[in-house]
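End of the sequence shown = 191 in the working numbering, gap-free, step of one. Even glycine gets a Cβ: it sits at the ideal position worked out from N, Cα and C.
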Amino acid sequence: MSDIAEHEVERPGIDRRTLIKRTAAAGAVAWAAPTIIGSLASPAGAVTGGFPASCSYMILVISTQTEGPCAIKVVMGATACDNTNNTSADNTFSASCGGHTYTNNCSGTAICREDFAPNPGPVPACSSACPGAVTINGGVVTAAAGTTIHFAVAHAGSCSGGPGTHFCPACCETTTCTAGC
């Protein structure tokens with residue numbers, strides 16, 4: 011017995027203090043993981059992808075809490091909109107939406123609406139809506155809080171079922187619009 015008392019026996023493994031520290035650290039990670047994953051899945055924490063290459067652009071007529079109706083544009087690869095109103099000159103379209111008729115052939119290539127002067131007249135480009143009026147996640151454009159999408163049309167080389175040969179189906183009076191091209 012005296013030999014055992016004089017010599018400590020080394021045991022393989024970790025001591026109790028180290029085990030408690032490691033368990034606490036693992037518990038903290040396990041507790042935080044759902045919060046981190048949840049924030050990535052929510053719109054506010056989502057990593058957004060650029061507007062798809064299958065679409066050249068999307069023009070939207072929106073209203074925010076401070077301006078509108080006005081026009082914004084989302085272009086291929088973009089993750090934010092810009093305050094412009096111009097479509098391509100390769101084709102025209104006409105679409106009815108929310109009791110209004112939208113076209114792109116009344117004033118150059120701007121989107122026009124029948125109740126803007128001259129009748130029909132161009133929808134003014136928004137002055138301060140972008141960035142921030144919408145979020146872009148691939149081909150889905152979602153209105154920010156306080157923003158309404160009155161009309162949107164996407165452009166691609168070829169679309170069927172849209173308001174024009176090169177313009178894909180339009181979105182009407184919504185908060186989320188899928189490009190459709």
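Using the C-alpha atoms, what's the distance from residue j back to residue i?
i, j, result
"A189", "K83", "12 Å"
"I159", "D125", "17 Å"
"N129", "C187", "27 Å"
"T157", "T74", "4 Å"
"I47", "P132", "In this prediction, I47 has a pLDDT of 38, which is less than 50 and means its spatial position is unreliable; nothing more can be read from the coordinates."
"Y67", "N96", "10 Å"
"I146", "G87", "10 Å"
"T111", "A180", "12 Å"
"T102", "L70", "16 Å"
"H165", "A155", "26 Å"
"C191", "G60", "14 Å"
"G167", "A127", "31 Å"
"C122", "F177", "15 Å"
"A135", "P62", "23 Å"
"V144", "N115", "26 Å"
"T184", "V85", "20 Å"
"D100", "T89", "25 Å"
Span of the beta strand (DSSP E) holding residue i?
i, result
"A155", "Per DSSP, A155 belongs to no beta strand (DSSP E) and is neither H nor E."
"E6", "This structure leaves residue 6 out entirely; the chain is present only between 11 and 191."
"A81", "C80 to V85"
"V144", "V144 to N147"
"H176", "Careful: H176 lies outside any beta strand (DSSP E) and carries neither H nor E."
"S106", "S104 to C107"
"V71", "Y67 to S73"
"T111", "H110 to T113"
How about residue i: is its C-beta nearer than 8 Å to some C-beta of chain D?
i, result
"N93", "The displayed structure is made up of one protein chain only, and chain D is not part of it."
Suppose contacts are defined by Cβ-Cβ distances below 8 Å. Is residue i in contact with residue j by that definition?
i, j, result
"I72", "C65", "no"
"C182", "T175", "no"
"P141", "C91", "yes"
"S98", "T113", "no"
"S137", "E77", "yes"
"A139", "N93", "yes"
- Query: Do three or more CB pairs link the segment 137 to 152 to the segment 101 to 112 at distances below 8 Å?
  - Reply: No contact exists between the segment 137 to 152 and the segment 101 to 112.
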